[in-house]
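Peer 1:
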Amino acid sequence: MLKRFIPWLGYDTLTDTIAFGARKIRKVFAGTLGMVKQEALTKMGGLPTLIGEVGIPFDLNDRKAYQNGDFSAQEKALHRDLTALDDNLLSYTLWNYTSDNNNAHGDLWNDEDLSIFSRDQQNDPADINSGGRGLRALLRPYPIKTAGTPLKLEFDLRSAHFIFEFEGDPGIDAPTELYLPGYQYPRGCQVTVSDGSYHIDSAAQRLLYTAGPQKLHRIELKKN
Numbered sequence: 001m002l003k004r005f006i007p008w009l010g011y012d013t014l015t016d017t018i019a020f021g022a023r024k025i026r027k028v029f030a031g032t033l034g035m036v037k038q039e040a041l042t043k044m045g046g047l048p049t050l051i052g053e054v055g056i057p058f059d060l061n062d063r064k065a066y067q068n069g070d071f072s073a074q075e076k077a078l079h080r081d082l083t084a085l086d087d088n089l090l091s092y093t094l095w096n097y098t099s100d101n102n103n104a105h106g107d108l109w110n111d112e113d114l115s116i117f118s119r120d121q122q123n124d125p126a127d128i129n130s131g132g133r134g135l136r137a138l139l140r141p142y143p144i145k146t147a148g149t150p151l152k153l154e155f156d157l158r159s160a161h162f163i164f165e166f167e168g169d170p171g172i173d174a175p176t177e178l179y180l181p182g183y184q185y186p187r188g189c190q191v192t193v194s195d196g197s198y199h200i201d202s203a204a205q206r207l208l209y210t211a212g213p214q215k216l217h218r219i220e221l222k223k224n
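First residue of the sequence shown? That's 1 in the UniProt record's numbering, and the numbers climb one at a time after it.
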């Protein structure tokens, strides 16, 4: 495997063709995962879908990031995958966290270097994020609990602009709970809601939204 990230180039496994350009790649990735989700709905009695072992190799591009500290290519690669999952409102587990990962030998298994953490990138053990890799893409807002049915989930890597839309269920007497990462919004964020009210618990990195009477609801976050 070349372990190179080319942002404008992708591959469509369904049609066995090359995909060019960010928009086309996003459509292809989202379409492939959407088909997996649809099969579970139509062929497995409506079971929910959990995508396991989602991740990227961090030793991309001849491990240049290990010398210059620039993990932007890894962030973009991970964001591309997670966006396809968000486009389908899919649950997933990230692969992986390896506590003894190092730059020389990766995850110490099968020439893999997929860990979001490495001791060799850890400069400050007192900082929980120190040693993290690709965190700008990984630590994104997401709905933990939704008082209804999710409809749209979108996060922009560059600006940290976030949108979540859902259809409310009047039978649920509980707030919608979002993960609000301080990593993305160190100076707080601007919150816009379609209706209702919200409360931010900065220590817990949570936003609790109590919906109003209308059926469709929207929560939008922007950096301060």
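All C-beta atoms in this analysis are idealised placements derived from N, C-alpha and C, irrespective of residue type, glycine included.
#1: Are the beta-carbon atoms of Leu33 and Ala77 separated by less than 9 Å?
#2: Nearest CA to the CA of Thr149: which residue from Arg4, Glu167, Arg136, Lys223?
#3: Just to confirm the assignment, what range does the alpha helix (DSSP H) spanning Tyr198 have?
#4: For Tyr142 and Leu2, what's the separation of their Cα atoms in angstroms?
#5: Judging by CA-CA distance, which residue of Gly10, Gln38, Val54 is the nearest neighbour of Trp95?
#6: Hey, out of Leu114, Ile51, Leu153, whose CA is closest to Thr93's CA?
#7: What's the gap between the Cα of Pro186 and the Cα of Leu221?
#8: From Asp100 to Leu178, what does the alpha carbon distance come to, in whole angstroms?
#9: Please state whether the Cβ-Cβ distance between residue 273 and Pro175 is less than 9 Å.
#10: Between Glu154 and Ile163, which are expected to be in contact by the criterion C-beta below 8 Å, what is the C-beta distance as a whole number of angstroms?
#11: Looking only at its own chain, which residues have a Cβ that is under 7 Å from the Cβ of Thr13, when we skip the five neighbours before and after it?
Peer 2: So, from the listed chains and residues:
#1: Going by C-beta atoms, Leu33 is not nearer than 9 Å to Ala77.
#2: In terms of CA proximity to Thr149, Glu167 leads the group Arg4, Glu167, Arg136, Lys223.
#3: For Tyr198, there is no enclosing alpha helix (DSSP H); the residue is part of the beta strand (DSSP E) that begins and ends at 197-201.
#4: Approximately 32 Å, taken between the alpha carbons.
#5: It is Val54 whose Cα lies nearest to the Cα of Trp95.
#6: Taking only the C-alpha atoms, the option nearest Thr93 is Ile51.
#7: Distance between the alpha carbons of Pro186 and Leu221: 13 Å.
#8: Straight-line spacing of the CA atoms in Asp100 and Leu178 works out to 31 Å.
#9: Because the chain in this structure spans residues 1 to 224, residue 273 falls outside the shown range and cannot be described.
#10: Glu154 to Ile163, Cβ: 5 Å. Contact.
#11: If we look at Thr13 and ignore the five residues flanking it on each side, its Cβ neighbours are Thr32.
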